[in-house]
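Q: The structure under discussion is supplied below as structure tokens; questions concerning it will follow.
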Amino acid sequence: MKVGVEVGGTFTDLVAHSGGEVRVIKVPSTPSSPDIGVVNALRAAGIDFSQIEDFAHGSTVATNAVLERKGGKVAFVATEGFRDILFLQRHDRRRIYDLFYKKPAPPLPRRACFEAHERVLTDGTVERALDERRFRAEVLPLLEAGAYDAVAICLLNAYRNPEHELRLAQLIRDALPGIVVTCSHQVACEFREYERASTAVLSAFVQPVIAGYLGRLTETLTREGFRGRFSVMQSNGGRLPAEAMSENAISALFSGPAAGVVGAVRQVVRSGYRNIITFDMGGTSSDVCLVQDGKPTLAPETEIDGLPVRTPVLDIVSVGAGGGSLIWIDDGGMLRVGPESAGAQPGPACYGKGGTQPTITDAHVVLGTVRPEAFLGGQMSLDVAAAHRAFDALAAHFKLPVEAVAYNAVRLSNANIVRAIQLVSTERGRDPRDYVLVPFGGAGPMQAAQIAEELGIDTVVAPPNPGVTSAHGLLASDFIKYETTTHRVQVGDDTCGDLRTRFATMKHDLEAQFVRMSFDQPLTFGFTLEMRYVGQAFEVPLELDAAALAKLDRASLEAAFIDAHHRIYFHSDKSGRPMEVVALRVGATLAAPPLAATSQNAGGTGSTDAAPGEPALYDGTQWAPCARRTVTGLATRQQAVQGPAVLEDYTTTVLVPAGWKAAVDPQSNLILSKEA
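UniProt numbering puts the last residue of the sequence shown at 676; the count rises by one with no breaks.
In structure tokens, the structure reads:
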């Protein structure tokens, strides 16, 4: 048996594959102890722990630790003169008209920042040797007195020569046994001092939390009889064994959204769609990602709470527009949606757990999109009256009916998501009309067609059981690891030979790491060059496979860079302006065995088609009749349904607006098409 469990902000989702059978379950998350939600999901699915051969997991533990500032107590060691780098940051200003703007705060106070007396030059030469005696006398006593859980070390130019970082780490471990020590060159072996320091500190900050969480979950699973392989999803779209993740927690920062992208892509390509935009709308946020030719875009850096994290991640843009996003009035009297969320506790008002503020889920209940008796296949009851009461204050403020306020709130939520999709498409040189929109998550299919209309997209493809696509993606994902290193060199006649040599060394290192993780199957490798024109501040990624790298020469390298630069910026310099390579990245992939195709409503109880005369759908001006079907019934009868219609599924609800039609294809994907 193979089991994937993804912990979200509102629900914990499970997908299990066993002998061709697929089981799906959703249970409420337990934010205070996510591991309890994992065990609850396994038990609710009736799974025998001893029969699990492959257990894949993704969660928001690392993300929440940063956002809520509930990580370990961390100290920071920098080169003399650089202890304030975490507070100086960059000279940018995110909100230029905010008179009270403050830079994002790092997860430690200034008093927890210390200095080491040393200096390494940009070429790796040691200008001043590490003063160990002074560090022992001045810094180690303070680290011991501070009772820190972790220490992050980021020395100047350590990406070229890590000798001093390694020595400091040893001194700290000898003096303080058991403390977590993170060296910047081990988590981000690249130039740009602030980004490398921020990554090291955040990694050290979440390390004790992730190690403790995975340790507790491993102990619980083992106690229940689990003896299989336990792996954890990374932000880059691949997974690694849990013991490896305990040592590199920062790579699990956005594991849930990454798993969703992988699961959606693996399923949708079965129907022949390769250029897609994924749209994951869960309880607290919406995550979008552009996929070109079946391959999600990889970014070298991301950020969380305004703080940069320099590690390869799927290029996902998130906005605070989920099913649990709160609907409120700002100081100017305008209607707003998110980014605050009702979360799992108390949740939307209609959940009946004490929530009183209106959310997007409540709006859909008010509008008739969600039928209370069909929610989660009828396994979870909804309080319709509570959903209406939650909108009373807003309706009184705007002097509008409750339904009109709810409708406008959904439209506002759609606008926020459209903007996020434009960030990954239009602003990156891609026309969204050339793609299909792939919604998933519990709330995504309810709003996908409306969002597609605003973007000019005429096809929406919802995978089977879209509410648990992230859990499916955990099992569908490969084992992946990346290595990145800074190597600045101007492109010349002998550049390509040097690049091949360096790539070969990095490839060998990755092979050794997979062997240490007890993997001995053949790996596939991808190679990326971060390049720019000399004098530019930012790089353009240039991806190569093994065959392209083998025959790479100066002419083909320059031509490929010019093309990549033009695709992003709509211009390039063909006058012979010098180019340079800034960094090299190698990705090693161990392909996961293919999963059996997932059918609609696998393992869920589903609901029955609504009888004629069921409550209609509010369309913004009036209550209009609509067809109500189950996705399972649509697939069984092999029929198409014309909008306006509502399709109900165990894990979600799909809205088919007027002017659209929907049908289930032979691959079990639900295809929504805009009629001409």
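C-beta atoms are modelled at their ideal positions from N, C-alpha and C, and glycine is treated no differently.
For residue 438 versus residue 278, is the C-beta spacing smaller than 9 Å?
A: Contact flag set, yes.
Q: By Cβ distance below 7 Å, which residues in the same chain neighbour residue 375 in space, the five residues on each side in sequence not counted?
A: So the qualifying residues of the chain are 382.
Q: Give a yes or no on contact between the segment 29-43 and the segment 166-183, applying the rule of three or more CB pairs nearer than 8 Å.
A: Short answer: they don't touch.
Q: Taking just the CA atoms, how far does residue 355 sit from residue 393?
A: Taking the straight line joining both Cα atoms gives about 15 Å.
Q: Taking 9 Å as the threshold (C-beta atoms), are residue 297 and residue 291 in contact?
A: Cβ distance < 9 Å, so residue 291 and residue 297 count as in contact.
Q: For residue 629, report the span of its beta strand (DSSP E) as first-last.
A: Where residue 629 is concerned, the enclosing beta strand (DSSP E) stretches over 627-630.
Q: Give the straight-line distance between the Cα atoms of residue 208 and residue 549, rounded to the nearest whole angstrom.
A: Spanning the two alpha carbons is a distance of roughly 40 Å.
Q: Report all residues from its chain with a CB closer than 7 Å to the CB of residue 262; omit the five preceding and five following residues, and keep chain order.
A: So the qualifying residues of the chain are 237, 473, 476, 477.
Q: Pull up the distance between the alpha-carbon of residue 527 and that of residue 299, whole angstroms please.
A: Their Cα atoms are separated by approximately 14 Å.
Q: Can at least three beta-carbon pairs, one atom from the segment 551-561 and one from the segment 477-493, be found at a separation below 8 Å?
A: The segment 551-561 is in contact with the segment 477-493.
Q: Using only CA atoms, which one of 414, 245, 105, 428 lies nearest to residue 455?
A: Here the closest residue by C-alpha is 414.
Q: Between residue 406 and residue 425, what straight-line distance do the alpha-carbon atoms span, to the nearest angstrom?
A: Straight-line Cα distance between these residues: approximately 29 Å.
Q: So residue 590 packs on residue 519, CB below 8 Å; how close in whole Å?
A: Yes, residue 590 and residue 519 are in contact; Cβ-Cβ is about 6 Å, under 8 Å.
Q: Note the first and the last residue of the continuous beta strand (DSSP E) segment covering residue 229.
A: Note, residue 229: beta strand (DSSP E), 229-233.
Q: If you pair each beta-carbon of the segment 2-14 with each one of the segment 338-349, do three or more pairs fall below 8 Å?
A: They touch, by the three-pair rule.
Q: Any idea which residues DSSP pairs residue 642 with across the strands?
A: DSSP, once it has assigned bridges, lists 661 as partnering residue 642.
Q: For residue 679, does the three-state DSSP call read helix, strand or coil?
A: Residue coverage of the chain in this structure runs from 1 to 676, which leaves residue 679 outside it and unanswerable.
Q: Residues in the same chain with beta-carbon distance under 7 Å from residue 253, minus the five sequence neighbours each way, listed in chain order, please.
A: Once the five neighbours on either side are set aside, the close Cβ partners of residue 253 are 62, 63, 235, 304, 309.
Q: Within 10 angstroms of the Cβ of residue 512, are there 16 or more other Cβ atoms? Answer buried if so, exposed if not.
A: So residue 512 ends up on the exposed side.
Q: Using 10 angstroms around the beta-carbon of residue 267, count the other beta-carbons present and answer buried if the total reaches 16, otherwise exposed.
A: Residue 267 should be labelled buried.
Q: If you measure between the beta carbons of residue 368 and residue 646, is that distance less than 9 Å?
A: Cβ distance < 9 Å, so residue 368 and residue 646 count as in contact.
Q: Since residue 429 sits in a beta bridge, which residues does DSSP pair it with?
A: None; residue 429 has no bridge partner.
Q: For the 8 Å Cβ check, are there 3 or more pairs between the segment 110-119 and the segment 76-92?
A: The segment 110-119 vs the segment 76-92: in contact.
Q: Output yes or no for whether 9 Å exceeds the beta carbon distance between residue 386 and residue 483.
A: No, the Cβ-Cβ distance between residue 386 and residue 483 is not below 9 Å.
Q: So the candidates are 329, 264, 75, 107; which of them puts its Cα closest to the Cα of residue 150?
A: Taking only the C-alpha atoms, the option nearest residue 150 is 75.
Q: My assumption, with CB atoms under 8 Å, is that residue 24 sits in contact with residue 596. Please give the rounded CB distance.
A: Going by Cβ atoms, the distance from residue 24 to residue 596 rounds to 13 Å, so no, they are not a contact pair.
Q: On the premise that residue 242 lies in contact with residue 226, defined as a C-beta separation below 8 Å, what is that separation, rounded to the nearest angstrom?
A: Not confirmed; about 12 Å, so no contact.
Q: For the alpha helix (DSSP H) that residue 622 lies in, which residues bound it at each end?
A: Neither: residue 622 is in no alpha helix (DSSP H) and is coded neither H nor E.
Q: Using the Cβ count rule (16 or more neighbours within 10 Å means buried), how would you classify residue 143?
A: Classification of residue 143: buried, given that the 10 Å Cβ count is 16 or more.
Q: Flag this pair as yes or no: are the beta carbons of residue 670 and residue 634 separated by less than 9 Å?
A: Going by C-beta atoms, residue 670 is nearer than 9 Å to residue 634.
Q: Assuming residue 697 is part of the alpha helix (DSSP H), what are its boundary residues?
A: In the structure as shown, the chain starts at 1 and stops at 676, and residue 697 therefore has no counterpart that could be examined.
Q: With distances taken between CB atoms, is the gap from residue 135 to residue 280 smaller than 9 Å?
A: For residue 135 and residue 280, no; Cβs fall outside 9 Å.
Q: How is the alpha helix (DSSP H) around residue 91 delimited, first residue to last?
A: From DSSP, residue 91 is part of no alpha helix (DSSP H); its letter is neither H nor E.
Q: Comparing alpha-carbon positions, which option in 339, 282, 153, 351 lies nearest residue 323?
A: Among 339, 282, 153, 351, the Cα nearest to that of residue 323 belongs to 282.
Q: Our contact map puts residue 416 next to residue 321 with C-beta atoms below 8 Å; I'd like the distance itself, whole angstroms only.
A: 4 Å between Cβ atoms; contact.
Q: Enumerated in chain order, which unbroken segments of the beta strand (DSSP E) with a length of 3 residues or greater are wholly contained in the segment 475-544?
A: Correct list: 479-490, 524-533, 540-544.
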